[in-house]
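Read in my numbering, the sequence shown has 78 at position 78, and its numbers run on one by one without any break.
Have a look at the structure below before the remarks.
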Amino acid sequence: MYLARHGETEWSRSGRHTGRTDLPLTTEGEAQARALGARLAAMTFDAVLSSPLQRAVCTAEIAGYVHPRLTPLLREVDYGDYEGITSKEIRARNPDWQLYRDGCPGGETPEQIYTRATEFIRLCETIDGRVLAFGHGHILRAVAVAWVRLHITAAAGFQLDVATLNRLHDDPDHGRLIGMWNAP
1 MYLARHGETE
11 WSRSGRHTGR
21 TDLPLTTEGE
31 AQARALGARL
41 AAMTFDAVLS
51 SPLQRAVCTA
61 EIAGYVHPRL
71 TPLLREVDYG
81 DYEGITSKEI
91 RARNPDWQLY
101 RDGCPGGETP
111 EQIYTRATEF
121 IRLCETIDGR
131 VLAFGHGHIL
141 RAVAVAWVRL
151 HITAAAGFQL
161 DVATLNRLHD
171 DPDHGRLIGM
181 WNAP
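So this is what it looks like as structure tokens:
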């Protein structure tokens, strides 16, 4: 399974939490999607999935995958009251806040995030062959830790930049592995 984070948006550039707000890619984000497409061009996939939010769908389309199968399981985390503000602003109110430990008031809990990530993995396991999925930073981190059966709080230790590629796979000798992470 390959996971691709969408290209840059105005809010990702400024560090604002972008959950359910449906923002377009910036010009730079479009260029990042083209570069991601060039990297993926030599690979073949049996299924291409995407979050229904335009920043993920546009990244997929610009990268050359014009009709990805949309799944709400790949939507970004629901930040609730923290939508559109930065971690610094959140920590001014709640100095010890951590997304994967505390969740967001009015949004998703860590347990809900992990459950959704696990459901996405189960969906991928029903697909015969190689999967490419376009999504968002925080949900894709949750998918990675669920894949290797770590606690959701471990996702805080996974940096995931825009327009990067990640690979999760089963190894016959070692089980579930993260074979590549945050690769430009």
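Where a beta carbon is used, it is the ideal one built from N, C-alpha and C, also for glycine.
Residue 129 classed as buried or exposed, judged by whether at least 16 other C-beta atoms fall within 10 angstroms: exposed
Distance, residue 24 Cα to residue 9 Cα: 6 Å
Same chain, Cβ closer than 7 Å to residue 106, neighbours up to 5 away in sequence not counted: 80, 81
Beta-bridge partners of residue 2, as assigned by DSSP: 132, 167
Residue 40, enclosing alpha helix (DSSP H) - first and last residue: 27 to 40
Of the residues 50, 140, 18, 66, the one placed nearest residue 167, counting alpha carbons only: 140
Neighbourhood of residue 48 by C-beta, 7 Å cutoff - its chain only, sequence neighbours within 5 removed: 60, 65, 68, 69, 132
First and last residue of the uninterrupted alpha helix (DSSP H) at residue 99: 99 to 102
Cα-Cα separation, residue 93 to residue 86: 11 Å
As assigned by DSSP and simplified to three states, the class of residue 51: coil
Through-space distance from residue 127 to residue 55, alpha-carbon basis: 24 Å
Strand pairing of residue 185, partner residues [DSSP]: No answer is possible for residue 185: it lies beyond the span of the chain, which begins at 1 and ends at 184.
Those residues which DSSP pairs with residue 86 across a bridge: 16
Candidates 157, 28, 51: closest to residue 98 by CA position: 157
Residue 120 - containing alpha helix (DSSP H), residue span: 110 to 125
Residue 118 and residue 146 closer than 8 Å at C-beta: yes
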